[in-house]
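Number of protein chains: 2
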Amino acid sequence: MTTSNPVFGKDRLDKRGTASHPSKDRSRPHERYLLRRVVAAMGSPCFTVALWDGFLISPEGAAPVGTVRIHNRLALNQLLRQGDIGFGDAFSSGGISVEGDLVALLVAAFSAPEPRGIAGVVKRIQQRKPRANTHDGSRENIHHHYDIGNDFYRLWLDKEMQYTCAYFPEEEMTIEAAQQAKMDHICRKLQLRPGDRVAEAGCGWGGLARHMALNYGATVSSWNVSAEQVEYASERAKAEGYSDRVTYVLDDYRNITGEYDAFVSVGMLEHVGRDNYPELGSVVDRCLTQDGRALVHTIGRNRPRLMNAWVEKRIFPGAYPPTLKEMMDILEPQRFSVLDVENLRLHYAQTLAHWLVRYDEAHDQVQGQFGEDFARAWRLYLAGSQAAFLAGGLQLFQVLFTRERNNDLLSSREHLYR
Amino acid sequence: MTTSNPVFGKDRLDKRGTASHPSKDRSRPHERYLLRRVVAAMGSPCFTVALWDGFLISPEGAAPVGTVRIHNRLALNQLLRQGDIGFGDAFSSGGISVEGDLVALLVAAFSAPEPRGIAGVVKRIQQRKPRANTHDGSRENIHHHYDIGNDFYRLWLDKEMQYTCAYFPEEEMTIEAAQQAKMDHICRKLQLRPGDRVAEAGCGWGGLARHMALNYGATVSSWNVSAEQVEYASERAKAEGYSDRVTYVLDDYRNITGEYDAFVSVGMLEHVGRDNYPELGSVVDRCLTQDGRALVHTIGRNRPRLMNAWVEKRIFPGAYPPTLKEMMDILEPQRFSVLDVENLRLHYAQTLAHWLVRYDEAHDQVQGQFGEDFARAWRLYLAGSQAAFLAGGLQLFQVLFTRERNNDLLSSREHLYR
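Residue numbers (my numbering), protein chains in the order written: chain A, 190 to 607; chain B, 190 to 607.
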C-alpha cells in the first residue's frame with residue numbers, strides 16, 4: 190500500500206517497536222529510574238506516563254491532561270537514548286501513543302519549566318546543529334519537505350495552497366478567508382500599487398504572487414528551488430491567463446536579478462540558515478529601488494534555540510527559527526531601517542488548528558498513500574507546531590523594512606485597517 | 190547678563206574665536222590643504238566652506254544648499270583638530286556660522302557618503318566612548334541636561350512639557366495635539382484599562398503619567414532621577430488634585446518596586462547605557478504581572494554607532510541610541526516576546542521642526558538668560574537632531590512586548606486606529 194515514505198526514507202522505523210508488539214516481560218528497575226529522571230528533566234509536565242506493564246508516573250497536584258503510553262522496551266529505549274527524536278520516531282511507528290488531546294498534552298510538555306543542571310546539559314547536547322544551507326544542500330533540504338507531492342498538501346491546505354501562517358483579524362474566519370487576509374495584510378504593508386515590480390524569495394505554490402498580480406496589479410518574479418511547486422504555479426498561471434504578470438523561476442533566491450519596487454519573502458527564512466542572513470540582505474540591497482519596501486515573514490523565537498530535533502531531522506532538514514536579534518543580521522550590514530514588526534504567534538496556532546482538522550479528515554487518504562508511520566509523523570508535527578505556538582516557544586514575525594534614506598513613508602499604519 | 194552656562198560649564202569657550210574677532214592674516218597653504226582633506230573626508234557634502242580671507246571650497250555639480258563660514262584661525266583649528274566637537278564648539282562661540290537653512294545644510298552633511306580609508310579611521314577614533322551610567326553617573330548625566338531649569342524648556346515645549354517624539358498621524362497637527370496623540374498611541378498599545386497599575390521608568394515632567402491617570406483611569410508610579418522634574422510633576426499633581434493616582438519617585442529605575450499591569454519607558458533608554466540593558470529587562474520581569482504589557486520608546490540607529498561626539502559632550506553626556514538588535518538585550522534574557530515595533534523617525538523630525546520654530550521665537554529670552562553661546566549651541570543641537578532624523582541617521586523605535594506565556598493578546602492592531 191505504501192508507495193513511498195518521504196519522512197523516513199531508507200532510515201526505516203523498526204516495526205518491533207509498535208503498539209501491536211508490546212513487550213511481554215515487566216519493566217526493570219533501572220528503566221523506571223531512568224524514565225523518572227527523563228520526566229523530571231522535562232520539568233514534570235502535567236500528564237501521565239505509562240509503561241506497557243502498568244507502571245505509571247503521574248503528575249503531582251493538577252489533574253493530568255492526558256497519558257503518554259509507551260508500549261514496549263524498544264520505544265522506551267528510543268525515548269531514553271534519543272530524547273525528542275526518539276519520542277517522535279516512536280510516536281510515528283506506534284511504539285508510543287497518546288491518550289487525550291495531543292495538542293493539549295504537547296502544550297503541557299512545552300510549558301513545563303526548563304530542565305536545570307545535568308538534565309539541561311544533556312538536553313542541549315542532544316540538540317544537533319541544523320544542516321548547512323549551501324545551494325545544493327538547500328535544494329535537497331527543500332526537496333525533502335516540499336516535493337512530497339502536491340496532492341498531499343492539497344488534502345489539507347486552502348485552495349490557494351498557502352503553507353504559512355494565516356491572519357485572523359476576526360476569530361471566526363475560515364482558513365480560506367484568513368489566508369486571503371494574510372496576503373492582503375502583506376500587500377498593504379508593502380503599499381503595493383498597480384505596476385509595481387515585486388521580487389519574491391520562496392513562493393511555495395505561487396499563491397501570494399498570484400494574489401499580488403490579480404488583485405494589486407503588480408508584476409511578480411518568484412524564486413523557488415522546489416521543482417514541483419514551480420511547475421504547479423507556472424502551469425496554473427498559464428492556464429488562468431496571467432503568465433505575463435507572474436514569472437516563477439526554479440532557482441535559488443541568491444540568484445535573484447533585476448530591479449524591484451518591493452521584495453517579499455514569506456516562510457522561507459526558516460530554511461535560509463543563520464550564516465546566510467547577510468547574503469540575503471545583499472540580495473535585497475541589490476534588487477530594491479531607492480524607495481522600495483521589503484517584508485520578511487518567518488517563524489521565530491524569543492531567544493536563540495535550535496528547531497526541535499525530531500522536526501529538524503524528520504520533517505524540516507536544515508530549518509532554524511531565528512530571534513528578532515538574529516534577523517537583524519539581514520538588515521544591519523545594509524543599514525536597512527525597520528519600519529514595522531508584528532508578531533502573529535497565535536494566528537499560527539489558529540492556522541495549525543484548521544490544518545489539523547482537515548488533516549484528520551483526510552487521514553484515510555494520507556495513510557493509504559504514504560502509510561501509517563508517515564500519517565502519524567505528520568500528525569505529531571502539525572499538533573506539535575500548534576502546541577509550540579500556543580506555549581510561546583515559537584513566534585511569527587513579519588518585519589517590514591526600507592532603505593535608511595527613504596523618506597517616502599506613510600504617517601501611520603492606519604491604512605492596514607481600513 | 191549670563192546667569193549660568195549649563196552647556197559649557199567651566200570649560201569656557203575662547204572668545205577670540207568669534208565672528209567679531211576675524212583673523213587678520215591670510216590662511217596658509219597647509220591650512221587650506223587640511224581643510225580640503227576634512228571636507229573630502231565628510232564625503233564632499235553639497236555646501237560651500239569659506240575661510241575668513243575669502244578662500245572657498247565649493248561642491249561639484251549641484252548648487253550648494255548654504256555656506257559654512259569659518260571666521261578665524263582658532264575656529265579652523267578647532268574644526269581640524271576636534272572634528273564634530275570642534276565644529277559644535279566653534280559654532281556655539283560664533284567662530285563658525287552658517288548661511289542658508291541650518292537644517293538643510295546639516296542634512297547635506299549627514300547625507301554625504303561615509304568617509305573611507307584614513308579619513309574614516311580618524312573619524313572613528315575621534316568618537317569617544319559614552320560616559321558610564323552608574324547610579325551616581327546617571328544622576329550627574331541627567332542633571333547636566335534636564336536640570337537646566339524648567340523655565341528654559343517651558344519656552345519651547347508644549348504645555349504638557351513632552352520632551353520626546355510626538356505622533357503626527359495627520360501632518361497638519363499642532364505640536365500640542367501631536368503630543369496628546371503620542372500619549373494616546375502608547376496607552377492604546379499598552380491596552381490600558383481603568384484600575385491598571387503602571388510603572389514608568391523616566392517620566393520627564395510627568396505628562397504621560399498624568400495622561401494615563403486622568404484619561405485612562407490608571408494608577409501610575411513614575412521613577413526619575415531629575416530633582417527639578419520630579420518636583421514640578423509632584424507639585425502639579427498636588428495642585429491639580431490627582432496625587433492619589435500618580436506618584437513621582439525621585440530615584441533610579443533600577444530601584445522600582447511593586448507589581449504592575451503595564452511598564453512604560455519613553456525617552457529614557459538613550460540614557461541607560463548598553464551594559465545596563467539586561468538589568469532593565471530584569472526590572473521589567475520583576476515588576477510585571479503574568480499578562481502585563483511593556484513599552485519602550487527610544488531614539489535608535491539602524492547600525493551601531495556612538496552618539497554624535499559634540500552632542501554627547503555638550504548636550505547629552507552618556508547618551509547612546511541603540512539599534513533594535515542591541516535593544517533585544519533587554520528582552521531576550523527574560524524571554525520577553527516582541528508584539529509590535531513601530532518606527533516613528535519622521536515624526537521626530539516633525540517634532541523637532543515645531544520645537545525649533547518655538548525656540549527661535551524665544552531666542553531673546555534664551556540669550557538673555559543663558560548667553561549667546563548657549564543659545565547657539567541649543568539651536569545647533571535641535572537643528573542637528575532634526576537633520577539626523579531626516580537623513581536617516583537616527584530612528585525612533587516603539588517596542589511593545591509581553592511575557593512569552595501571555596496568550597491574552599488582541600487579534601489585530603486595529604484598535605490603535607479607531
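Just so you know, even glycine gets a beta-carbon here, dropped at the ideal spot from N, CA and C.
{"query": "Opening and closing residue of the beta strand (DSSP E) in which aspartate 290 (chain B) lies", "result": "From DSSP, aspartate 290 (chain B) is part of no beta strand (DSSP E); its letter is neither H nor E."}
{"query": "Bridge partner(s) assigned by DSSP for leucine 585 (chain B)", "result": "B:Ile488"}
{"query": "Threonine 256 (chain A) and phenylalanine 276 (chain A) closer than 8 Å at C-beta", "result": "no"}
{"query": "Nearest candidate by alpha-carbon position, reference glutamate 349 (chain A), set A:Ser282, A:Lys378 and A:Ala422", "result": "A:Ala422"}
{"query": "Proximity below 8 Å, CB of arginine 524 (chain A) to CB of glutamate 468 (chain A)", "result": "no"}
{"query": "Cβ neighbour criterion (16 or more within 10 Å) applied to arginine 262 (chain A)", "result": "buried"}
{"query": "Candidates A:Ala483, A:Glu420, A:Ser432 and A:Ala416: closest to glutamine 380 (chain A) by CA position", "result": "A:Ala483"}
{"query": "DSSP three-state assignment for asparagine 532 (chain A), whether helix, strand or coil", "result": "strand"}
{"query": "Member of A:Ala390, A:Leu571 and A:Ser601 whose CA lies at the smallest distance from the CA of leucine 477 (chain A)", "result": "A:Ala390"}
{"query": "Residues, ordered as in the chain, of the region 465-494 of chain B that lie near chain A by beta-carbon distance below 7 Å", "result": "Asn491 and Arg492"}
{"query": "Rounded distance between the beta-carbons of phenylalanine 586 (chain B) and leucine 513 (chain B), thought under 8 Å", "result": "6 Å"}
{"query": "Which of helix, strand or coil DSSP assigns to tryptophan 241 (chain A)", "result": "coil"}
{"query": "Assigned secondary structure, asparagine 497 (chain B) (DSSP; H/G/I helix, E/B strand, else coil)", "result": "coil"}
{"query": "Reference phenylalanine 452 (chain B), options B:His486, B:Ala370 and B:Ala367, closest by Cα", "result": "B:His486"}
{"query": "Terminal residues of the beta strand (DSSP E) in which isoleucine 259 (chain A) lies", "result": "255-259"}
{"query": "Under 7 Å from the C-beta of valine 530 (chain A): neighbouring residues of chain B", "result": "Val527, Asp529 and Val530"}
{"query": "Min CB distance proline 511 (chain B) to chain A below 8 Å", "result": "no"}
{"query": "Tyrosine 606 (chain B), DSSP secondary structure in three states", "result": "helix"}
{"query": "Buried versus exposed call for proline 302 (chain A) [16 or more other C-beta atoms within 10 Å across all chains shown]", "result": "exposed"}
{"query": "Partner residues on chain A for phenylalanine 357 (chain B), Cβ-Cβ distance less than 7 Å", "result": "Ser600"}
{"query": "Alanine 538 (chain B) versus alanine 279 (chain A) - alpha carbon distance", "result": "60 Å"}
{"query": "Min CB distance asparagine 497 (chain A) to chain B below 8 Å", "result": "no"}
{"query": "Residue(s) in a DSSP beta bridge with asparagine 413 (chain A)", "result": "A:Leu439"}
{"query": "Check whether aspartate 385 (chain B) and alanine 407 (chain B) have beta carbons under 8 Å apart", "result": "yes"}
{"query": "DSSP state of glutamate 429 (chain B) mapped onto helix, strand, coil", "result": "helix"}
{"query": "Other residues of its chain near valine 555 (chain B): CB distance less than 6 Å, five sequence neighbours each side excluded", "result": "Ala564"}
{"query": "Distance between beta carbons of serine 411 (chain A) and alanine 428 (chain A), contact taken as under 8 Å", "result": "With 8 Å as the limit, alanine 428 (chain A) and serine 411 (chain A) do not qualify as a contact, their Cβ atoms being about 17 Å apart."}
{"query": "Under the three-state DSSP convention, the category tyrosine 449 (chain A) falls into", "result": "strand"}
{"query": "Methionine 231 (chain A): contacting residues in chain B (beta-carbon distance under 7 Å)", "result": "Those do not exist, as methionine 231 (chain A) stays about 17 Å from chain B at its closest Cβ, beyond 7 Å."}
{"query": "Own chain partners of proline 234 (chain A) with C-beta closer than 6 Å, once the 5 adjacent residues on each side are dropped", "result": "Ala297, Ala298 and Ala301"}
{"query": "Status (buried if at least 16 other CB within 10 Å, exposed otherwise) for arginine 602 (chain B)", "result": "buried"}
{"query": "contact_flag[the region 429-439 of chain A, the region 368-382 of chain A] where n(CB pairs < 8 Å) is 3 or more", "result": "no"}
{"query": "Partners in chain B for lysine 514 (chain A), counting only beta-carbon separations shorter than 7 Å", "result": "Lys514, Met517 and Glu521"}
{"query": "Chain A contact for glycine 395 (chain B) (CB, 8 Å cutoff)", "result": "no"}
{"query": "CB contact check: glutamate 288 (chain A) to chain B, cutoff 8 Å", "result": "no"}
{"query": "Contacts around tyrosine 548 (chain A), its chain only, beta-carbon distance under 8 Å, and the 5 residues preceding and following it disregarded", "result": "Leu344, Trp345, Val555, Trp567, Arg568 and Leu571"}
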